[in-house]
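Participant: Input: one structure, supplied below.
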Amino acid sequence: MRALFILPILMLAMPLRADPLDAVRAPGAVVLMRHATAPGTGDPPGFRLGDCTTQRNLSAAGRAEARAIGARLRDAGIGFDAILTSEWCRARDTADLLGLGPVTAFPAVNSFFADRRDEPGQTAAVLAHLAALPEGARVLIVTHQVNITALTGIVPRSGEAVVAQRAGQGLQVTGRLPPP
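Numbering (mature numbering (1 follows the signal peptide of the UniProt record, and there is no 0)), first residue to last: -18 to -1, 1 to 162.
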């Protein structure tokens, strides 16, 4: 008999978990997604921006991750007013494989892993672009770990999305959407 009373009390003490998609659904959401899995770190010697054969690219698992993330967002009925991507092949391919709509190259979110001196200017350009968006516009940006960390302080996993809202001169993190 006593056990019957303990279970409801324990259930009341457990925190309710909000759907991680709630932050993405919010008007004005800025979704910063790290490209899906691309084995390795940085780029190989001889990297050229316009030549995918010289870059780290998505693995088969990374391509499947991107498709699954896109399906999850579509199934949830979430759309974006803009989808922006780094010009790196792994980011662009992730954005395309999401299948969420037209994708626009946005050089301000190109990786600065190889030259950290580019971080302040690129980060400022991203924040200025976001500040100029209409209020309530929802944007998805597919980029790199270093860019997301510079904007939010969070080190995301491959395929993870950090969700934020514009706040003053920066961003306020409102959620995280883990990879599949």
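In this text, a Cβ means the ideal position worked out from N, Cα and C, and glycines have one as well.
Small disclaimer: the values here were computed from a predicted structure and weren't measured.
Could you tell me the alpha carbon to alpha carbon distance between Pro2 and Arg158, rounded to whole angstroms?
Facilitator: The residue labelled residue 2 in the question sits at position 20 within the sequence shown. The residue labelled residue 158 in the question sits at position 176 within the sequence shown. Between Pro2 and Arg158, the C-alpha separation is close to 7 Å.
Participant: Between Thr19 and the rest of its own chain, which residues show a CB-CB distance below 7 Å, the 5 nearest in sequence each way excluded?
Facilitator: Against the sequence shown, residue 19 aligns to sequence position 37. So the qualifying residues of the chain are Leu40, Ser41, Ala43, Gly44, Glu47, Ser140, Gly141.
Participant: If you measure between the beta carbons of Ile65 and Ala77, is that distance less than 8 Å?
Facilitator: Residue 65 sits at position 83 when you count from the first residue of the sequence shown. Residue 77 sits at position 95 when you count from the first residue of the sequence shown. In this structure, Ala77 lies closer than 8 Å to Ile65 by Cβ.
Participant: So Arg16 packs on Pro138, CB below 8 Å; how close in whole Å?
Facilitator: As a first step, residue 16 is located in the sequence shown; it is residue number 34 there, counting from the start. As a first step, residue 138 is located in the sequence shown; it is residue number 156 there, counting from the start. With a Cβ gap of about 4 Å, Arg16 and Pro138 count as contacting.
Participant: Go to Gly157, then tell me how far its beta strand (DSSP E) extends in each direction, as first and last residue.
Facilitator: For this step, residue 157 is matched to residue 175 along the sequence shown. 152 to 159 is the span of the beta strand (DSSP E), which, as asked, contains Gly157.
Participant: Bridge partners for Ala143 per DSSP, in chain order?
Facilitator: Looking up residue 143 in the sequence shown gives position 161. For Ala143, which the question treats as bridged, DSSP gives the partners Met15, Leu159.
Participant: Could you tell me which uninterrupted beta strand (DSSP E) segments, each at least 3 residues in length, are contained entirely in the region 108 to 134, listed from first to last along the chain?
Facilitator: Taking only runs of at least 3 residues, the beta strand (DSSP E) segments lying wholly in the region 108 to 134 are 121 to 125.
Participant: Can you tell me whether DSSP reads Ala87 as helix, strand or coil?
Facilitator: Your numbering for residue 87 matches position 105 in the sequence shown. In this structure, Ala87 counts as strand in the three-state DSSP scheme.
Participant: Which residue from Ile123, Ala90, Arg72 puts its Cα closest to that of Pro84?
Facilitator: In the sequence shown, counting from the first residue as 1, residue 84 sits at position 102. The shortest C-alpha separation from Pro84 is found at Ile123.
Participant: According to the Cβ coordinates, are Val13 and Val145 closer than 8 Å?
Facilitator: Translated into positions along the sequence shown, residue 13 becomes position 31. Translated into positions along the sequence shown, residue 145 becomes position 163. Contact flag set, yes.
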